[in-house]
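Before any comments, here is the structure.
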Amino acid sequence: MKARIIISLKAGVLDPQGKAIQTSLHDLDFHTVNNVRQGKCIELNIDEENEELALKNLRRMCEKLLANTVIEDYSIEILD
Amino acid sequence: MKAAIIVFPGSNCDRDIKVALECSIGAKPEMVWHGDSGLPKCDLIVLPGGFSYGDYLRSGAMAANSPIMREVIEATRRGTRLLAICNGFQIATEAGLLPGILMPNASLKFICRNVLLKVESVKSDFTINYSKGDVITMPIAHRDGNYFAPPKELEYLEQNNLVAFRYCDSTGRPTTKANPNGSAGNIAGILNEEKNILGMMPHPERVVDSRLGGLDGKVMFECLLQQLS
Numbered sequence: 704m705k706a707r708i709i710i711s712l713k714a715g716v717l718d719p720q721g722k723a724i725q726t727s728l729h730d731l732d733f734h735t736v737n738n739v740r741q742g743k744c745i746e747l748n749i750d751e752e753n754e755e756l757a758l759k760n761l762r763r764m765c766e767k768l769l770a771n772t773v774i775e776d777y778s779i780e781i782l783d
Numbered sequence: 069m070k071a072a073i074i075v076f077p078g079s080n081c082d083r084d085i086k087v088a089l090e091c092s093i094g095a096k097p098e099m100v101w102h103g104d105s106g107l108p109k110c111d112l113i114v115l116p117g118g119f120s121y122g123d124y125l126r127s128g129a130m131a132a133n134s135p136i137m138r139e140v141i142e143a144t145r146r147g148t149r150l151l152a153i154c155n156g157f158q159i160a161t162e163a164g165l166l167p168g169i170l171m172p173n174a175s176l177k178f179i180c181r182n183v184l185l186k187v188e189s190v191k192s193d194f195t196i197n198y199s200k201g202d203v204i205t206m207p208i209a210h211r212d213g214n215y216f217a218p219p220k221e222l223e224y225l226e227q228n229n230l231v232a233f234r235y236c237d238s239t240g241r242p243t244t245k246a247n248p249n250g251s252a253g254n255i256a257g258i259l260n261e262e263k264n265i266l267g268m269m270p271h272p273e274r275v276v277d278s279r280l281g282g283l284d285g286k287v288m289f290e291c292l293l294q295q296l297s
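Protein chains in written order, with the working numbering: chain R, 704 to 783; chain C, 69 to 297.
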């Protein structure tokens, strides 16, 4: 199974990188853009018996390593 | 006093802290590779500065899950002192040994310069020989030193005197201008509740010799020698 995990900053956490990207977009005349937030996308293959078990382990991976839940949220999508 | 310095792939301040401990207090620290199982018996463990795992994913995230860290965590539960410097502080927060997280500096720049620190908590083996309110000088060299914790945790730190060092101006005031990285409450270093773990972004191992610009770090190592011998 292929899975895609999106890790994003929690609302309210300051994102200077997002702000820098927004400034650059404005410099390129994309003035309709605001509230840019930068996150991470991790894709992986996971070899589990079934989707339920895969999701359970993927959640554990997120909690243990892939996301820092002090400041990040995560969402998991099974792609295949 | 027996000390062990954990070396991760990408650590680069491990030899600095070894030399600092040797020169300032005559210690003979043991270097412990992160993949080893078997932490030597010691009074002090150091998580050194550097770029463990290239800061990939998040600074300190993968080092925090290194094989040796299980024993490091157990040792701290038994009361072994842990000094977590810079990347070490990041590793300690990721490992859950200290609350909060070190986020990218507000300026997004890597900052490498001396800063002034106000000594806040002197009730620890790391800080007992400083005086509360002392303004000391130490260098910082980091891009992800912006300390953040949820409001309740910050409040807990403040109320329980667990902030060890705060960025300040020459008169000891924790002003915005004196804060190099946007850290909440100008926090530069914190203690855990039991006060056997100190995490700090500045580098005390770089101020142990007047030829290197100062002696304010030497005080910390002398505290540890005194308290742990």
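Don't be surprised by glycine CBs; every beta carbon is placed ideally from N, CA and C.
Practice task
Taking C-beta pairs closer than 8 Å, name the residues in chain C that residue 708 of chain R reaches, listed in chain order.
Solution key: Going along chain C, no residue has its Cβ under 8 Å from residue 708 of chain R, so there is no contact; the nearest lies around 12 Å.
Practice task
For residue 241 of chain C, decide whether its Cβ has a neighbour in chain R, counting only Cβ atoms nearer than 7 Å.
Solution key: no
Exercise for the section: Show which residues of chain C have a CB atom less than 7 Å away from the CB atom of residue 757 of chain R. Expected result: Per Cβ cutoff of 7 Å: no residues; residue 757 of chain R is ~21 Å from chain C at best.
Practice task
Give the interface partners of residue 133 of chain C over in chain R, defined as CB-CB distance under 8 Å, in chain order.
Solution key: 767, 768
Handout entry: C-beta atoms of residue 137 of chain C and residue 163 of chain C nearer than 7 Å
Key = yes
Exercise for the section: Look at the alpha carbon of residue 101 of chain C and the alpha carbon of residue 213 of chain C, and state the distance between them as a whole number of angstroms. Expected result: 25 Å
Exercise for the section: Specify, as a first and last residue, the run of the alpha helix (DSSP H) that residue 157 of chain C falls within. Expected result: 155 to 162
Exercise for the section: Buried or exposed for residue 380 of chain C, please, with buried defined as at least 16 other CB atoms from any protein chain shown within 10 angstroms of its CB. Expected result: This structure cannot speak to residue 380 of chain C, because chain C is shown only from 69 to 297.
Practice task
Identify the contact partners of residue 774 of chain R in chain C, using a Cβ-Cβ distance below 8 Å as the criterion.
Solution key: 169, 171, 216
Handout entry: Sequence ranges, beta strand (DSSP E) only - wholly within the stretch 97 to 179 of chain C, length at least 3
Key = 98 to 101, 112 to 115, 149 to 153, 169 to 171
Handout entry: Meets three-Cβ-pair contact criterion under 8 Å: the stretch 745 to 759 of chain R and the stretch 100 to 117 of chain C
Key = no
Exercise for the section: Please report how far the alpha carbon of residue 735 of chain R lies from the alpha carbon of residue 728 of chain R, in whole angstroms. Expected result: 9 Å
Exercise for the section: Could you tell me which uninterrupted beta strand (DSSP E) segments, each at least 3 residues in length, are contained entirely in the stretch 194 to 265 of chain C, listed from first to last along the chain? Expected result: 203 to 210, 214 to 216, 231 to 235, 255 to 259
Practice task
Can you have a look at residue 145 of chain C and say buried or exposed, based on whether 16 or more other CB atoms are within 10 angstroms of its CB?
Solution key: exposed
Practice task
Note the first and the last residue of the continuous alpha helix (DSSP H) segment covering residue 763 of chain R.
Solution key: 754 to 764
Handout entry: One or two residues paired with residue 181 of chain C in a DSSP bridge
Key = C:208
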